[in-house]
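Participant: Encoded as structure tokens, here's the structure I'll be asking about.
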Amino acid sequence: MSGCASLRAPGYSLPPLPAPTPGPYLLGPGDALTIRIYDQPQLSGSYQVDDSGCISMPLLGAVQAGGRSTAALEAAISDGLRQNGLILHPAVSAEISTYRPFYILGEVNTPGQYPYRPGMTALTAISIAGGFTYRGCQAYVGITRERGSQPVQYRASTSALVQPGDVITVFELRF
């Protein structure tokens, strides 16, 4: 953390980004899904998770998707179809067609919103945004991530994994 590591450097006093927790990806607002229900083309299609974390399905109405894995969403849709007497033995498949975007700001050449790609690091995100400006701190970044319902900002290395919905801040070097 050479040029940015002094205690007065922006973002250095932030808590370190916690290690990623293993487990399935949890859906959130902005994710686009393709849902297929075997032998039911009128129920199958593309759905977007709205701001409340729900998808709106014909005959079922609002189905909670936010905070669930695709497997849990498949089970919830199956249960809803079965409980409402619509299909006796539904076979449901849900897959993510588009992840919600990540955002990058600060000392990058083209700050803004970009599509997320699985396995992406902060350095990859910075590259997508046109790279560091000449004043950008290259030793670490700030990552703002939702924890529960609250955003929390962390300090992270450029090799840290980014998640959909993250806001990445590239700090300005102070000479």
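With this note's numbering, letter number 101 in the sequence shown gets 1184, and the count goes up by one each step, no holes.
Glycine included, each C-beta is placed from N, C-alpha and C at the ideal position.
All values derive from a computational prediction rather than experimental measurement.
Which of the three DSSP states, helix, strand or coil, is assigned to I1118?
Facilitator: Against the sequence shown, residue 1118 aligns to sequence position 35. If DSSP states are grouped into helix, strand and coil, I1118 belongs with the strands.
Participant: Apart from the five residues on each side of it in sequence, which residues of its chain come closer than 6 Å, Cβ to Cβ, to P1093?
Facilitator: By one-based count along the sequence shown, residue 1093 stands at place 10. Within the same chain, P1093 has close Cβ partners F1254.
Participant: Please name the residue in P1112, I1160, R1230 and T1181 whose C-alpha comes closest to that of S1127.
Facilitator: Position 44 of the sequence shown holds residue 1127. For S1127, the nearest C-alpha among the options comes from I1160.
Participant: Could you tell me the alpha carbon to alpha carbon distance between C1220 and P1194, rounded to whole angstroms?
Facilitator: Within the sequence shown, residue 1220 is the residue found at index 137, counting from 1. Within the sequence shown, residue 1194 is the residue found at index 111, counting from 1. Approximately 15 Å between the Cα atoms of the pair.
Participant: For Q1236, I'd like the list of residues in its chain whose CB is within less than 6 Å of its CB, leaving aside the five on either flank, ordered along the chain.
Facilitator: The sequence position of residue 1236 within the sequence shown is 153, counting from 1. Excluding residues within five positions, the ones whose Cβ falls inside 6 Å are L1097, G1225 and T1227.
Participant: Would Y1223 and S1240 qualify as a contact pair, given that the criterion is a beta-carbon distance under 8 Å?
Facilitator: Stepping through the sequence shown from its first residue, residue 1223 is reached at position 140. Stepping through the sequence shown from its first residue, residue 1240 is reached at position 157. Yes, these two residues count as a Cβ contact at 8 Å.
Participant: Please report the straight-line C-alpha distance between A1154 and Y1108, rounded to a whole angstrom.
Facilitator: Taking the sequence shown and counting its residues from 1, one reaches residue 1154 at position 71. Taking the sequence shown and counting its residues from 1, one reaches residue 1108 at position 25. Using only the alpha carbons, I get a separation of about 10 Å.
Participant: In chain order, what residues of the same chain have a beta carbon less than 7 Å from the beta carbon of V1125, not counting five sequence neighbours either side?
Facilitator: Start at 1 with the first residue of the sequence shown, and residue 1125 comes out as number 42. First, the residue type needs correcting, since residue 1125 is Gln and not Val in the sequence shown. Result list for Q1125: P1141, in chain order.
Participant: Can you tell which of Y1182, S1129 and S1152 has its C-alpha closest to the C-alpha of I1120?
Facilitator: Position 37 of the sequence shown holds residue 1120. Out of Y1182, S1129 and S1152, S1129 has the C-alpha closest to the C-alpha of I1120.
Participant: Please work out which residues of its chain come closer than 6 Å, Cβ to Cβ, to E1178, disregarding the five sequence neighbours upstream and downstream, and give them in chain order.
Facilitator: Here the question's residue 1178 lines up with position 95 in the sequence shown. Correct list, in chain order: T1117.
Participant: May I ask you to report which of helix, strand or coil DSSP gives Q1233?
Facilitator: Counting from 1 along the sequence shown, the entry for residue 1233 is found at position 150. Q1233: strand per DSSP, three-state reduction.
Participant: By the 10 Å Cβ neighbour count, where 16 or more other Cβ atoms means buried, how is T1104 classified, buried or exposed?
Facilitator: Your numbering for residue 1104 matches position 21 in the sequence shown. Looking at its Cβ environment, which holds fewer than 16 other Cβ atoms inside 10 Å, T1104 is exposed.
Participant: Using the three-state DSSP reduction, which class does E1178 fall into: helix, strand or coil?
Facilitator: On the sequence shown, residue 1178 is found 95 positions in, with the first residue counted as 1. In the structure shown, E1178 sits in a strand (DSSP, three-state: E or B).
Participant: I think V1132 touches G1144, with their Cβ atoms under 8 Å apart; what is that distance to the nearest whole Å?
Facilitator: For the purposes of this step, residue 1132 is taken as the residue at position 49 of the sequence shown. For the purposes of this step, residue 1144 is taken as the residue at position 61 of the sequence shown. With 8 Å as the limit, V1132 and G1144 do not qualify as a contact, their Cβ atoms being about 15 Å apart.
Participant: Check I1187 in the structure and name its three-state DSSP category.
Facilitator: Numbered from its first residue, the sequence shown carries residue 1187 at position 104. DSSP places I1187 in strand when its eight states are reduced to three.
Participant: Quick one, are the C-beta atoms of P1247 and Y1199 less than 8 Å apart?
Facilitator: Within the sequence shown, residue 1247 is the residue found at index 164, counting from 1. Within the sequence shown, residue 1199 is the residue found at index 116, counting from 1. Yes. Within cutoff.
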